[in-house]
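Numbering-wise (this note's numbering), the sequence shown opens with residue 11 and increments by one. Written below as structure tokens is the structure these notes are about.
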Amino acid sequence: MRSALSIIAFSAMLMMPFNLAGQEKDTLLLSFKSISFVRNNEYYSPLTEGYTLPGYFIQPELVYKPSGRLTLRLGAHLLSYSGTDKYVGIKPLFSSTLKITENSLFTLGTLSGSHRHRLTDPLFYRERMYTNYSEDGFQLVVNNSRFFSDTWVSWENFIFKGGSDREIFTAGESAQYSVSLFSDILTIDVPLQVLIKHYGGQITDYPEPVETFLSAAAGAGAGYNLIKGKVLLEYLFLLNNQLNGAENTELIKGHAHWIKAGYAFKGLKLEAGLWNGKTFYAPDGNPIFCSVSVNNNEPSEDNKIITTGLFLNLSPESFFDFYFGFEGYYFTASRRFDNSLSLHISFDKLFRLAIIGERRRD
11 MRSALSIIAF SAMLMMPFNL AGQEKDTLLL SFKSISFVRN NEYYSPLTEG YTLPGYFIQP
71 ELVYKPSGRL TLRLGAHLLS YSGTDKYVGI KPLFSSTLKI TENSLFTLGT LSGSHRHRLT
131 DPLFYRERMY TNYSEDGFQL VVNNSRFFSD TWVSWENFIF KGGSDREIFT AGESAQYSVS
191 LFSDILTIDV PLQVLIKHYG GQITDYPEPV ETFLSAAAGA GAGYNLIKGK VLLEYLFLLN
251 NQLNGAENTE LIKGHAHWIK AGYAFKGLKL EAGLWNGKTF YAPDGNPIFC SVSVNNNEPS
311 EDNKIITTGL FLNLSPESFF DFYFGFEGYY FTASRRFDNS LSLHISFDKL FRLAIIGERR
371 RD
């Protein structure tokens, strides 16, 4: 009986939650991530259709740190939509991450992507957090108290010689400089975001021409701390340019302005804004902001939208979040109101499985 209790106690100790930042070398960990989600897009635009997206994904990974600078991950990403009897996406994961300095990491393989790129929704659809959580390629992340930079290439479709598919990859840069003034009463953020989306490949038999799209955003944001909460202001200028690919039609080229004001208190955020877009198109962005059809790339009417948002993010524990979001879009020209609702619970935790070799501290 005593030996059985000892085994149970030892197993419980190994399965205790663990912090990777303080991980000892030669320790084998289990990382488990999951998001259960429901997203409902009530879109009535002639350029994009509405739909409901209920489902979940799980992402278990073994994590091993053979040295103080190298971390290896091996696992799988499994995505399922409600109403199906199988996983619609099963993807193997592997990454090697090198710690270059205290504030910089270089990764080859499966990337820390999705919402962690910190991109604005018109450039990089926040719904991709559910549908395209894991990415593959290489990535350099620099992060300190004032500066954040994420530089990456995500390879989305590999081709073989003579195949009928197109090679697809995205190159991106998301940077932000932040500074606090007047004893942290005022914060200023200056973001710069660039995405290049490429469809092509020399060895494929795909009949359509090579296409390359550039989309970018830059601007400034300010936050003023009140006794309770924070007032937020933000301006973004966005541009897009189709660099090649159009043979019978003109290349798509456009721009947009987005001004927003908001208020944040604890986990609650309210915002309202004005979007003014002219022939704007971003391949990975929220299609509601596009004034170009996502189906045939044909320009349509310019978009003038009054945007609203209510977001609630609660974290009762460090390893899981509850999120609710409602976004409204009022098209002034057509007097149409579209909206989107998101609800999810995310889980992200590390467990210690075993000690491999001698335990040493860096």
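Yeah, the Cβ is synthetic: ideal placement off N, Cα and C, and Gly gets one too.
Residue closest to Ala-373, alpha-carbon to alpha-carbon, out of Leu-249, Gly-211, Gly-338 | Look at the range of the chain in this structure, 11 to 372, and you will see that residue 373 is not part of it.
Close beta carbons around Val-200, own chain, < 6 Å, minus the five adjacent residues each side = The answer, listed in chain order, is Tyr-187, Ala-230.
Skipping 5 residues on each side, what residues in its chain have a beta carbon closer than 6 Å to that of Lys-171?
-> For Lys-171, the CB contacts under 6 Å within the same chain, skipping 5 residues up- and downstream, are Ile-213 in chain order.
Selected residue, minimal CA-CA separation from Leu-202, among Thr-130, Leu-84, Ala-232, Glu-145 = Closest option to Leu-202, Cα to Cα, is Thr-130.
Find out if the Cβ-Cβ distance for the pair Phe-334, Phe-357 is shorter than 8 Å.
-> Not in contact: Phe-334 and Phe-357 (Cβ atoms no closer than 8 Å).
Could you tell me whether the stretch 159 to 169 touches the stretch 177 to 193, using the rule of 3 or more Cβ pairs below 8 Å?
-> Taking a contact to require three or more Cβ pairs closer than 8 Å, the stretch 159 to 169 and the stretch 177 to 193 qualify as touching.
Residues near Gly-319 in its chain [Cβ-Cβ closer than 6 Å; skip 5 each side] | Counting only Cβ-Cβ distances below 6 Å, and skipping sequence neighbours, we find Glu-281, Glu-337.
Closest Cα partner of Arg-83 within the set Tyr-74, Leu-150, Asn-142 | In this structure, Tyr-74 is the residue among Tyr-74, Leu-150, Asn-142 with its C-alpha nearest to the C-alpha of Arg-83.
Apart from the five residues on each side of it in sequence, which residues of its chain come closer than 6 Å, Cβ to Cβ, to Asn-50?
-> So the list reads Thr-62, Leu-351, once near-sequence residues are dropped.
Excluding sequence positions up to five away, which residues of its chain have a Cβ less than 7 Å from the Cβ of Tyr-216?
-> Shown here for Tyr-216: same chain residues with a beta carbon closer than 7 Å to its own, the five before and five after excluded, namely Ser-174, Asp-175, Arg-176 in chain order.
Simplified DSSP state of Phe-290, which is helix, strand or coil = DSSP places Phe-290 in coil when its eight states are reduced to three.
Sort Ile-110, Arg-138, Glu-145, Phe-168 by Cα distance to Val-151 and report the nearest one.
-> Relative to the Cα of Val-151, the nearest Cα in the group Ile-110, Arg-138, Glu-145, Phe-168 belongs to Ile-110.
Below 8 Å, can you find three or more Cβ-Cβ pairs linking the stretch 138 to 152 to the stretch 116 to 128?
-> At 8 Å Cβ cutoff, the stretches touch.
Segments assigned beta strand (DSSP E), at least 3 residues, entirely inside the stretch 37 to 77 = Within the stretch 37 to 77, complete beta strand (DSSP E) segments of at least 3 residues are found at 37 to 52, 61 to 74, given in chain order.
Leaving aside the five residues before and after Glu-244 along the sequence, list all residues of the same chain whose C-beta is less than 6 Å from its C-beta, in chain order.
-> Taking C-beta separations shorter than 6 Å and ignoring five residues to either side along the sequence, the partners of Glu-244 in its chain run Gly-231, Lys-270, following chain order.
So the beta strand (DSSP E) Arg-362 belongs to, where does it begin and stop?
-> Its beta strand (DSSP E) spans residues 346 to 365.
Between Pro-64, His-127, Tyr-53, which lies nearest to Leu-89 when the distance is taken from Cα to Cα?
-> When each option's Cα is compared against that of Leu-89, the closest is Pro-64.
Can you have a look at Thr-37 and say buried or exposed, based on whether 16 or more other CB atoms are within 10 angstroms of its CB?
-> So Thr-37 ends up on the buried side.
When the Cα of Pro-317 is compared with those of Lys-238, Asp-348, Arg-138, which residue comes out closest?
-> Looking at the sequence itself, residue 317 is Thr, so the reference to Pro does not match. Nearest C-alpha to Thr-317: Asp-348.
Does DSSP classify Ser-124 as helix, strand or coil?
-> Helix, per DSSP.
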